[in-house]
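Visitor: Residue numbers (the working numbering): 45 to 161. Just so it is clear, CB atoms sit at the ideal spot from N, CA and C, and this is done for glycine as well. Remember, it's a predicted structure, so these values are computed and weren't measured experimentally. Please find one structure pasted underneath; my questions will follow.
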Amino acid sequence: RLREGLVDPGNTASEVWVDTAYRSRANEDFLADHGKRSRIHRRKPGGKPMPRRTARANAKKSVVRAKIEHVFAQQKDRMRLMIRSIGIHRAEATVIMANIAYNLGRWRWLEGRAASA
Numbered sequence: 045r046l047r048e049g050l051v052d053p054g055n056t057a058s059e060v061w062v063d064t065a066y067r068s069r070a071n072e073d074f075l076a077d078h079g080k081r082s083r084i085h086r087r088k089p090g091g092k093p094m095p096r097r098t099a100r101a102n103a104k105k106s107v108v109r110a111k112i113e114h115v116f117a118q119q120k121d122r123m124r125l126m127i128r129s130i131g132i133h134r135a136e137a138t139v140i141m142a143n144i145a146y147n148l149g150r151w152r153w154l155e156g157r158a159a160s161a
């Protein structure tokens, strides 16, 4: 179940993107009650093929999630990001520094592409 602490009330985004495991009537109701729009993938019905409409909707959601998850994958694998600190403030600082390093590397890559074009 989505806990109230997972959905930040200060976040102005109206959409919530989480894994398929979070799809339930209780979570859908929770999101609706908090003015959030669910972008949770739908599961395949047991023993039946997935309807084309549902598969297309899941594919659209996957495009957005893939862009986000590639950043996390790069930070975890290439940058060897492992948070081993005590305290939330140190962990946040580690994540912020990793994000800055990722953004600088991405900026350098984009600048290199623009210069060669």
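#1: Express the C-alpha separation of ALA137 and SER129 in angstroms, rounding to a whole number.
#2: Within 8 angstroms, do at least three Cβ pairs link the stretch 75–95 to the stretch 113–121?
#3: How is the alpha helix (DSSP H) around SER129 delimited, first residue to last?
#4: My understanding is that ARG83 touches VAL60, with C-beta atoms under 8 angstroms, so please give their C-beta distance in whole angstroms.
#5: Please list the terminal residues of the continuous alpha helix (DSSP H) segment that includes ILE112.
#6: Locate the alpha helix (DSSP H) running through ASP167, then write down its first and last residues.
#7: Tell me whether the beta-carbon of LYS92 lies closer than 8 angstroms to the beta-carbon of SER58.
#8: Output the distance between the C-alpha atoms of ALA142 and MET123, rounded to the nearest integer angstrom.
#9: Who are GLU59's beta bridge partners in DSSP?
#10: Go through its chain and collect everything with a Cβ distance to ARG67's Cβ below 6 angstroms, but skip five positions before and after it.
Guide: On the basis of the coordinates in this document:
#1: By one-based count along the sequence shown, residue 129 stands at place 85. By one-based count along the sequence shown, residue 137 stands at place 93. So the alpha carbons of these two residues sit roughly 10 angstroms apart.
#2: Counting C-beta pairs closer than 8 angstroms gives fewer than three between the stretch 113–121 and the stretch 75–95, which falls short of the contact rule.
#3: What you label residue 129 is simply residue 85 of the sequence shown in a count that begins at 1. Per DSSP, SER129 belongs to no alpha helix (DSSP H) and is neither H nor E.
#4: On the sequence shown, residue 83 is found 39 positions in, with the first residue counted as 1. On the sequence shown, residue 60 is found 16 positions in, with the first residue counted as 1. ARG83 to VAL60, Cβ: 6 angstroms. Contact.
#5: For this step, residue 112 is matched to residue 68 along the sequence shown. Counted as a single uninterrupted DSSP element, the alpha helix (DSSP H) harbouring ILE112 occupies residues 96–121.
#6: There is no way to answer for residue 167, as the model of the chain reaches only from 45 to 161.
#7: Within the sequence shown, the letter at position 48 stands for residue 92. Within the sequence shown, the letter at position 14 stands for residue 58. Between LYS92 and SER58, the C-beta gap is not smaller than 8 angstroms, which leaves the two residues out of contact.
#8: Residue 142 sits at position 98 when you count from the first residue of the sequence shown. Residue 123 sits at position 79 when you count from the first residue of the sequence shown. The straight-line gap from Cα to Cα measures roughly 8 angstroms.
#9: Walking along the sequence shown from the start, residue 59 turns up at place 15. According to DSSP, GLU59 bridges with ARG81.
#10: In the sequence shown, counting from the first residue as 1, residue 67 sits at position 23. So the qualifying residues of the chain are ILE84.
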